[in-house]
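Residue 45 is where the sequence shown starts when you use our numbering, and the numbers rise one by one after that. For each residue, glycine too, the CB sits at the ideal point set by N, CA and C.
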Amino acid sequence: MKKFLILLTVLSLLFIFSACSATGGIGIVTFDPLLLFMNLIQPGTFWMGDTKALSLAGSPIRPIHQVTFTYSYYLKKGEVTNNDYANFLNDSEVSPTGFLNGHKLLDIGGPYCEIEYTGTEFRTISHLKGNYPLHSVSWWGAIEYCNWLSEKAGLSIAYDVSDGQLLTAEGSPTKNITIVEGYRLPTEAEWEYAARGAENDYLTTTDYLFAGSNTIDDVAWYMDNSFNATFPMVSGKGTQICNEKEANEIGFFDMSGNVAEWCHDWYLNTYYSSSPPTNPIGHHTGTSRSTRGGSWNMPEAFSIILERTFTNPDNLFAFIGFRFALTKQ
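Okay, here's the thing in structure tokens:
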């Protein structure tokens, strides 16, 4: 029923746009149905980092610093699911073992991976886990998915898959995220701003520890509450259906817990000391990519929205997935 209502909404919008065009109104309008599953965040300024004074000087989440966005961006409301990713695999030239363009995208055949290759297609091993968050995906697997979405939507791809650089609409490398047309991973700054409710919440009552609450069990699946008797992964615990906990104040789900999420940025421990104040995209190089948000197998401290984590972009961990972003042009 839900899928039917979404389809009906899309068709209604397309009809309205066509009618306007036929009567000399707004003309031909291209509508991307993926935007129905994303929230738009307007330009703004916020304080990023340890606004709760939880860490010592020299911590990776210090110093707190102001970040300004001069552009609007969309961010997916929930995490990418197993079914989402299986659709991509079946529409791409991914090898049966999960390789594409020299990188392993997904831990196919691994002990925790929930997608398999049957000999003819990729599929979620249990159909009941189709709406669970994807995990066991590398950073390369995340950006390949983003490029695939871009191509499906008729947009220029955002990533050079040989080196992970951002691309302009013309295909040139860029560090200016405002001119990247396609779907991409959120930057750490974009991720934290969204998790904070896209507001300057420093020294306010809505400077929450977790995405939408100071009470972790309201909004997050983490080590202490992620029991899953039907689909246990480790010690009777595991991922949970997406979007089951409360959303934060602007409608984002699972930004604390369930699975950690790949961000675009190269990780640097001391980045906050040198981060540009406007439209930051992370350090210019590195060996690890940033992840955010905690996960089902991590303690409460890792689900705090200001916490930073990182790992090698080739790693395929059963607690890291992603959501995607799009710069509004």
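Can you tell me whether DSSP reads T212 as helix, strand or coil? coil
Quick check: the stretch 321 to 336 against the stretch 293 to 313, are at least 3 beta-carbon pairs closer than 8 Å? yes
From K217 to T114, what distance separates their C-alpha atoms? Reading off the sequence shown, one finds Pro at residue 217, where the question assumed Lys. Each residue's alpha carbon lies about 20 Å from the other.
Flag this pair as touching only if the stretch 299 to 306 and the stretch 235 to 245 have three or more C-beta atom pairs under 8 Å; answer yes or no. yes
Okay, do the stretch 176 to 185 and the stretch 155 to 168 touch, 3+ Cβ pairs below 8 Å being the bar? yes
Residue environment, T248, which counts as buried when at least 16 other CB atoms sit within 10 Å: exposed
Could you tell me the boundaries of the beta strand (DSSP E) in which W340 lies? Where W340 is concerned, there is no enclosing beta strand (DSSP E), given that its DSSP letter is neither H nor E.
From E344 to Y316, what distance separates their C-alpha atoms? 23 Å
Whole-number beta carbon distance between M342 and F363, since they are thought to touch under 8 Å: 7 Å
Buried or exposed, going by whether 16 or more other CB atoms sit within 10 Å of the CB of T371? buried
Apply the 10 Å Cβ neighbour rule to F271 and answer buried if 16 or more other Cβ atoms are within range, or exposed otherwise. exposed
G301 - partner residues in DSSP beta bridges: W265
How about the stretch 121 to 130 and the stretch 97 to 105: do they share at least three Cβ pairs that are nearer than 8 Å? no
Tell me whether the stretch 137 to 148 and the stretch 260 to 269 touch, counting them as touching only if at least three CB pairs, one residue from each stretch, are closer than 8 Å. no
Let me know the secondary structure DSSP gives Y315 once reduced to three states. helix
Closest Cα partner of G163 within the set N134, Q373, G185, D151: N134
I85 to K96, Cα distance in whole Å? 23 Å
Around the C-beta of S180, are 16 or more other C-beta atoms found within 10 angstroms, so that it is buried, or is it exposed? buried
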